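Participant:
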Amino acid sequence: MLESGLIPLIFMVAVAIVALSIFFSFVPVMLWISALASGVNIGIITLVAMRLRRVVPSRIVNPLIKARKAGLQLDTNQLESHYLAGGNVDRVVDALVAAQRADIPLGFERAAAIDLAGRDVLEAVQMSVNPKVIETPVVAAMAKDGIELRTKAKVTVRANIDRLVGGAGEETIIARVGEGIVSTIGSSASHKDVLENPDLISKTVLNKGLDAGTAFEILSIDIADVDVGKNIGAQLQTDQAEADKRIAQAKAEERRAMAVAQEQEMIARVQEMKAKVVEAEAQVPLALAEALTSGKMGVMDYYNLQNIAADTQMRQSFGHPGDKQDPASPDKKE
Numbered sequence: 001m002l003e004s005g006l007i008p009l010i011f012m013v014a015v016a017i018v019a020l021s022i023f024f025s026f027v028p029v030m031l032w033i034s035a036l037a038s039g040v041n042i043g044i045i046t047l048v049a050m051r052l053r054r055v056v057p058s059r060i061v062n063p064l065i066k067a068r069k070a071g072l073q074l075d076t077n078q079l080e081s082h083y084l085a086g087g088n089v090d091r092v093v094d095a096l097v098a099a100q101r102a103d104i105p106l107g108f109e110r111a112a113a114i115d116l117a118g119r120d121v122l123e124a125v126q127m128s129v130n131p132k133v134i135e136t137p138v139v140a141a142m143a144k145d146g147i148e149l150r151t152k153a154k155v156t157v158r159a160n161i162d163r164l165v166g167g168a169g170e171e172t173i174i175a176r177v178g179e180g181i182v183s184t185i186g187s188s189a190s191h192k193d194v195l196e197n198p199d200l201i202s203k204t205v206l207n208k209g210l211d212a213g214t215a216f217e218i219l220s221i222d223i224a225d226v227d228v229g230k231n232i233g234a235q236l237q238t239d240q241a242e243a244d245k246r247i248a249q250a251k252a253e254e255r256r257a258m259a260v261a262q263e264q265e266m267i268a269r270v271q272e273m274k275a276k277v278v279e280a281e282a283q284v285p286l287a288l289a290e291a292l293t294s295g296k297m298g299v300m301d302y303y304n305l306q307n308i309a310a311d312t313q314m315r316q317s318f319g320h321p322g323d324k325q326d327p328a329s330p331d332k333k334e
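In UniProt numbering, the protein residues as written are 1 to 334.
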């Protein structure tokens, strides 16, 4: 009998424990008590409604407590809407508290917009109080005398809260400062002028208003280092002279090749003319034979012609005693 009476009691206790665990897991009673103890008047039904809207109550209540303790007048609807939009509620509240302490005018809507734009609103507020130093990479530029200067600058910037949404970032500042350094050095008559007065670069770059359209305000530009690089002017002249020499060599080689080709052409033409002479000489015996056959020339005329040829050969041998004639061919030299 005793055991049969304990079973329903144990069952009821188990059911009660399960029901309480479900209740306390779904209804944040401890968070509600903490809010009331901190002076934040928020209903338990409101916390349950946050659960139904898939909002983590602690992500809303804890920043709200922090804001109320700092004297900021925020409500749960503002924080919930920003949370549902994908923003970081805790970071926005921290930024508002920091802005209030630093006497920087910053409203919740503005801070939420900056946070949703992907920027760290707390870091922006801190940067408004403590300016940030951005160091540029080494910028190489050439003065008018052809000497290269390698410059590194440090840019002190302060966040501009009003232009954080839609304003350009640090990369734009670095690019504009680098462009200003290059133009300033490039317009200098001598690299010595820049080495003597490095602040010339700072003044020129600052006067260009490089922070326009950016999320920052440039406070100062300091030249950290200036080193002398290569003599680019001399190197360019050397490269140009080398290129001119190669062009001249190529043109000379072209003229030589044309001359060789023309020489070979003339040799071929000489050989062609010699061939024509040999061909014409080969026609002489045929013409003599035809003349003898047709009776246009007699035997005595042929002998007289041979005598004249022999006499001519003898005269030539007197004029050129070193040349020997082939007896079988008196008309040709060996």
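C-beta atoms are modelled at their ideal positions from N, C-alpha and C, and glycine is treated no differently.
None of the values given here were measured: they were computed from a predicted structure.
With distances taken Cα to Cα, identify the nearest neighbour of G107 among L47, S34, I161, K144.
Facilitator: Sequence index remark: in the sequence shown, residue 107 carries index 107 (1-based). Of the candidates L47, S34, I161, K144, the one whose C-alpha sits nearest the C-alpha of G107 is I161.
Participant: Can you give me the Cβ contacts of T76 inside the same chain, cut-off strictly under 7 Å, excluding the 5 residues immediately before and after it?
Facilitator: If you number the sequence shown from 1, residue 76 lands on position 76. Contacts found: I42, T46, I60, L64.
Participant: How is S220 classed by DSSP in three states: helix, strand or coil?
Facilitator: Residue numbering aside, residue 220 sits at position 220 when the sequence shown is read from its first letter. Looking at S220 - three-state DSSP - the assignment turns out to be strand.
Participant: Over the uninterrupted beta strand (DSSP E) stretch that includes R150, give me the two end residues.
Facilitator: Here residue 150 corresponds to residue number 150 of the sequence shown, with the count starting at 1. Residues 147–159.
Participant: Checking 9 Å against the spacing of the C-beta atoms, do I174 and T136 come in under that value?
Facilitator: For the purposes of this step, residue 174 is taken as the residue at position 174 of the sequence shown. For the purposes of this step, residue 136 is taken as the residue at position 136 of the sequence shown. For I174 and T136, yes; Cβs fall inside 9 Å.
Participant: Quick check: what's the CA-CA separation for Q306 versus Q262?
Facilitator: Here residue 306 corresponds to residue number 306 of the sequence shown, with the count starting at 1. Here residue 262 corresponds to residue number 262 of the sequence shown, with the count starting at 1. Computed Cα separation, rounded: 42 Å.
Participant: With H, G and I counted as helix, E and B as strand and the rest as coil, what does DSSP make of K245?
Facilitator: Residue numbering aside, residue 245 sits at position 245 when the sequence shown is read from its first letter. The answer is helix: DSSP assigns K245 an H, G or I state.
Participant: Using only CA atoms, which one of G178, I147, A140 lies nearest to V155?
Facilitator: In the sequence shown, counting from the first residue as 1, residue 155 sits at position 155. Of the listed residues, the one whose Cα sits closest to V155 is G178.
Participant: Would you kindly report the start and end of the unbroken alpha helix (DSSP H) that includes V139?
Facilitator: Counting from one through the sequence shown, the residue named residue 139 turns up at place 139. Note, V139: premise wrong, no alpha helix (DSSP H); beta strand (DSSP E) at 139–142.
Participant: With distances taken from CA atoms, which of A67, R53, V56, V48 is nearest S38?
Facilitator: Your numbering for residue 38 matches position 38 in the sequence shown. Checking every option, the nearest Cα to that of S38 belongs to A67.
Participant: Identify, in the order they occur along the chain, each residue of the same chain with its Cβ nearer than 7 Å to the Cβ of E217, setting aside the five sequence neighbours on each side.
Facilitator: Position 217 of the sequence shown, counted from the first residue, corresponds to residue 217. V157, R158, N160, D211, listed in sequence order.
Participant: Report the three-state DSSP secondary structure of I134 (helix, strand or coil).
Facilitator: Within the sequence shown, numbered from 1, the residue matching residue 134 stands at position 134. I134: strand per DSSP, three-state reduction.
Participant: Does DSSP classify G233 as helix, strand or coil?
Facilitator: Residue 233 sits at position 233 when you count from the first residue of the sequence shown. It is helical.
Participant: Kindly indicate the opening and closing residues of the alpha helix (DSSP H) around G180.
Facilitator: The count along the sequence shown starts at 1 and reaches residue 180 at position 180. First-last of the alpha helix (DSSP H) with G180: 170–186.
Participant: Given this structure, state the Cα-to-Cα distance separating E253 from A241, to the nearest angstrom.
Facilitator: Position 253 of the sequence shown, counted from the first residue, corresponds to residue 253. Position 241 of the sequence shown, counted from the first residue, corresponds to residue 241. Near 18 Å, if we compare the C-alpha coordinates of A241 and E253.
Participant: Would you mind sorting R269 into buried or exposed? The rule is 16 or more other CB atoms within 10 Å of its CB.
Facilitator: As a first step, residue 269 is located in the sequence shown; it is residue number 269 there, counting from the start. R269 should be labelled exposed.
Participant: Starting from the N-terminal side, write out each stretch of the alpha helix (DSSP H) that is 4 residues or longer and does not extend beyond the stretch 264–320.
Facilitator: Counting only runs of 4 or more, we get 299–319.
Participant: By the three-class DSSP mapping on this structure, what secondary structure does D227 have?
Facilitator: Looking up residue 227 in the sequence shown gives position 227. Looking at D227 - three-state DSSP - the assignment turns out to be strand.
Participant: Since T214 sits in a beta bridge, which residues does DSSP pair it with?
Facilitator: Locating residue 214 in the sequence shown gives position 214, where the first residue counts as 1. Paired residue(s): A168.
Participant: So the alpha helix (DSSP H) residue 342 belongs to, where does it begin and stop?
Facilitator: This structure cannot settle anything about residue 342, because the visible part of the chain is limited to 1 through 334.
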